[in-house]
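Just so you know, the protein sequences line up as chains X and C, in that order. Residue numbers for the first sequence follow my numbering, beginning at 24 and rising by one. Residue numbers for the second sequence follow my numbering, beginning at 24 and rising by one.
There are 2 protein chains.
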Amino acid sequence: MTDGVTDRRPVLGERTAAVVGTGLIGGSVLLRLRAAGLDVAGWDPDPATRRYAHEQGLAAPDTLEEAVAGRDVVFLCGPLPSLAETLSRAAAATEEHCVLTDVGSTKAEVAAAATAQGLGRRFVPGHPMAGADRAGLASATPALLDGAAWVLCPTGSGMAAFRRLAALVIDVFRARVVPMSAPEHDVAAALSSHVPHLLAGALAGAVQRSALREAVLALAAGSFADGTRVAGGPPERTANMLLANRGPALTGLDAVRAVLDDLADAVRAGDPATLTDLLDEGRTARAAVGGRVFTAHRREFPAAVDHAGELAYLRELGAAGGHLTECRVEAGAVVYTGRLPAPPG
Amino acid sequence: MTDGVTDRRPVLGERTAAVVGTGLIGGSVLLRLRAAGLDVAGWDPDPATRRYAHEQGLAAPDTLEEAVAGRDVVFLCGPLPSLAETLSRAAAATEEHCVLTDVGSTKAEVAAAATAQGLGRRFVPGHPMAGADRAGLASATPALLDGAAWVLCPTGSGMAAFRRLAALVIDVFRARVVPMSAPEHDVAAALSSHVPHLLAGALAGAVQRSALREAVLALAAGSFADGTRVAGGPPERTANMLLANRGPALTGLDAVRAVLDDLADAVRAGDPATLTDLLDEGRTARAAVGGRVFTAHRREFPAAVDHAGELAYLRELGAAGGHLTECRVEAGAVVYTGRLPAPPG
């Protein structure tokens, strides 16, 4: 089998890249790629951002097309509503071997747009998990995404592109690549990110409306400061994210509200045993954040034949909370190092 | 006017202290007081904790009574349900000039217990605002409470004790003393701390119950990690805190749920303008966390006469989101340096 996105190029062999949308995330991607020795250009629709990038010594041409022409890989990092259009423009301005990806916080919508545009082989939906309570190129740093969990969505037809991109982000960003289908990503991201944004917004909003606003802020220590941190991010960006993942976000919110109802009932009833049990359930999940033990394994698949086994392996790995720390193609085989969490005890 | 808790002792003049309940907070209070040069003893009902304290070179007698006898000030740092009893025992084992305070996260209940025990002149309800996702003396550090907002509840009859304690915590902990009535504290603390604990517990609990638990945890980045941090704390302690402030916690939760409903409606309706406006409301409150500008002022009151003006000043200061950074008694006057936030713009 030969893909337009070819296995012939060596994995880890990407030499040139472009970033479309050089805000906090895109700018950080660009700076890290440049630091890793890639020839990388950035483009942003905002002339002031292009000027600022130019002043910082970055290649920042005036058009998207100039920025992406001839590149091996293009990262689309603009706002979610812009992705379908920038994807189409970037695809038209690059060769067939160029891998396209994005860093948006929801995946099903952009994956569907890519399929509709006939770009399933070249486009790999992506989502690096990184905090973002700031915005703009001036806040970007090469280290922002270092070591991040980075979702990439493999498909049967896009497997070669997936491998090249996985190898690149592992090599350059030391990313933990979490392979997931786009719809499964969106359901998991609802609970891991979108619902937390709703809760933070509601908490901060309730304080803003409170007659005791000033006194509450005077007492704001750890729990309030932590619980509202993401409410400090740009409202437009958060709104885009929530609206692009409407269904899963509302379903996830309902799940949280159900637990909240249980907690409130126990408080109202003055029932310490039930309340403690409920809080202990949450503590179990919380303890697994950053505290899981992973076991490494190695898997190998033929590089050039049917990808069904490889795809099944990758999706199972992601669903089990695992990630890849290595991906390379050598002697007709693709070799993965995967890491799986120990089962919850 | 002469108080049992006397103005005759120089402010900043406390020389001996005791801490009852040497967990994370009590242990940290003890270590800081000792580092500041006070002669301080600690007592904990747990023999292993007393033994550990002894091994660390701390004065850790076997009984509460031995620990507090002859001390100038006693900090009650045990669990909320223990406070009424330890208050009574500490009061019985100390002289009339000894100031008693606590560090519990709700104030109306313990204030009522003190009044019922006839301790209104000696007991000053207190609450230092500090993160607490760990527990135990082994996690205590002298710096834990440094610079914290520290609520103290002044009353007309307890003014002399309030002044001595305010001076002590400002001097030793560089605390920002927030003067508030006990009930007002509890309403403000519900939104600044108790509701955030409920939201964190509900979010972590929903993930624990989710079929996609592993995948969600794999994606858990900033917003989930921050939004669930306090869900990692001891469930018993959080349950005690919520149950001791039942009414205000449930009222605060209702206020947050109202905003959450508005947010969910806007997401469901696919209404970016309303959603952005709602999120912007929250951002305004969030921006004020740690970002407020304060203006200092100086106020002076006669030390020994009617305290109504002083009390009114203190409570208005707290309600306006302000705090004290100085309190001293000299030449028959009490001198405060207060700091008020600039009005929200």
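Cβ atoms here follow ideal geometry from the backbone N, Cα and C, with glycine treated the same way.
- A check of alpha carbon separations from residue 319 of chain C across C:80, C:70, C:283 and C:345 identifies C:345 as the nearest.
- At a cut-off of 7 angstroms between beta carbons, residue 303 of chain X contacts chain C.
- Of the residues C:270, C:276 and C:251, the one whose Cα lies closest to the Cα of residue 303 of chain X is C:251.
- For residue 275 of chain C, the CB contacts under 8 angstroms within the same chain, skipping 5 residues up- and downstream, are 210, 213, 214, 217 and 218 in chain order.
- Chain-ordered, the chain X residues with CB closer than 8 angstroms to the CB of residue 253 of chain C read 245, 246, 249 and 250.
- With its beta carbon at least 7 angstroms from every one in chain C, residue 180 of chain X lies outside the interface.
- In the three-state reduction of the DSSP assignment, residue 50 of chain C falls in the helix class, which pools H, G and I.
- Per DSSP, reduced to three states, the secondary structure at residue 259 of chain C is helical.
- The alpha carbon of residue 178 of chain C has as its nearest neighbour, out of C:111, C:148, C:301 and C:261, the alpha carbon of C:148.
- Among the CB atoms of chain X, none fall inside 7 angstroms of the CB of residue 320 of chain C.
- Straight-line spacing of the CA atoms in residue 63 of chain X and residue 365 of chain C works out to 46 angstroms.
- In the three-state reduction of the DSSP assignment, residue 349 of chain X falls in the strand class.
- Closer than 9 angstroms at the C-beta level to chain X, one finds these residues of the region 161 to 190 of chain C: 171, 172 and 174.
- If you draw a straight line from the Cα of residue 104 of chain X to the Cα of residue 113 of chain X, it is about 15 angstroms long.
- In the three-state reduction of the DSSP assignment, residue 271 of chain X falls in the helix class, which pools H, G and I.
- At the C-beta level, residue 157 of chain X and residue 81 of chain X stay beyond 7 angstroms of one another.
- Boundaries of the alpha helix (DSSP H) harbouring residue 304 of chain C: 295 to 310, taken from the DSSP string.
- When Cβ-Cβ separations below 7 angstroms define contact, residue 206 of chain C makes no contact with chain X.
- Counted as a single uninterrupted DSSP element, the stretch harbouring residue 38 of chain C is not any alpha helix (DSSP H), since DSSP gives it neither H nor E.
- Contact annotation: the region 121 to 141 of chain C touches the region 193 to 211 of chain C, with at least three C-beta pairs closer than 8 angstroms.
- Relative to residue 60 of chain C, the option among C:166, C:89 and C:39 whose CA is nearest is C:39.
- Proximity to residue 246 of chain X across C:55, C:243 and C:255 peaks at C:255, based on C-alpha coordinates.
- By the CB criterion at 7 angstroms, residue 225 of chain X and residue 312 of chain C fall outside the cutoff.
- In terms of beta-carbon proximity, residue 110 of chain C stays away from the interface with chain X, with every pair separated by 7 angstroms or more.
- For residue 128 of chain X and residue 52 of chain X, the gap between their C-alpha atoms comes out near 15 angstroms.
- DSSP places residue 70 of chain C within a helical segment (H, G or I) once states are collapsed to three.
- The beta-bridge partner set that DSSP reports for residue 364 of chain C consists of C:317.
- Pairing residue 260 of chain C with residue 223 of chain C, the inter-Cα distance amounts to about 15 angstroms.
- The DSSP-derived three-state label of residue 142 of chain C is coil.
- Residue 98 of chain C is positioned such that its CB atom lies closer than 7 angstroms to that of residue 124 of chain C.
- Per the C-alpha coordinates, the member of C:162, C:106, C:159 and C:172 positioned closest to residue 146 of chain C is C:106.
- Excluding its 5 nearest sequence neighbours in each direction, residue 90 of chain C has C-beta neighbours in its own chain below 6 angstroms: 41, 64, 66 and 84, listed in chain order.
- For the region 213 to 226 of chain X, the set of residues with a beta-carbon nearer than 7 angstroms to any beta-carbon of chain C comprises 214, 215, 216, 218, 219, 220, 221, 222, 223, 224, 225 and 226, in chain order.
- Contact between the region 192 to 203 of chain X and the region 340 to 356 of chain X is present: 3 or more CB-CB pairs across the two stretches fall below 8 angstroms.
- Taking 8 angstroms as the upper bound on Cβ-Cβ separation, chain C lies near residues 306, 307, 308, 309, 310, 311, 312, 313 and 315 of the region 306 to 320 of chain X.
- Counting along the chain, the unbroken alpha helix (DSSP H) around residue 109 of chain C starts and ends at 106 to 115.
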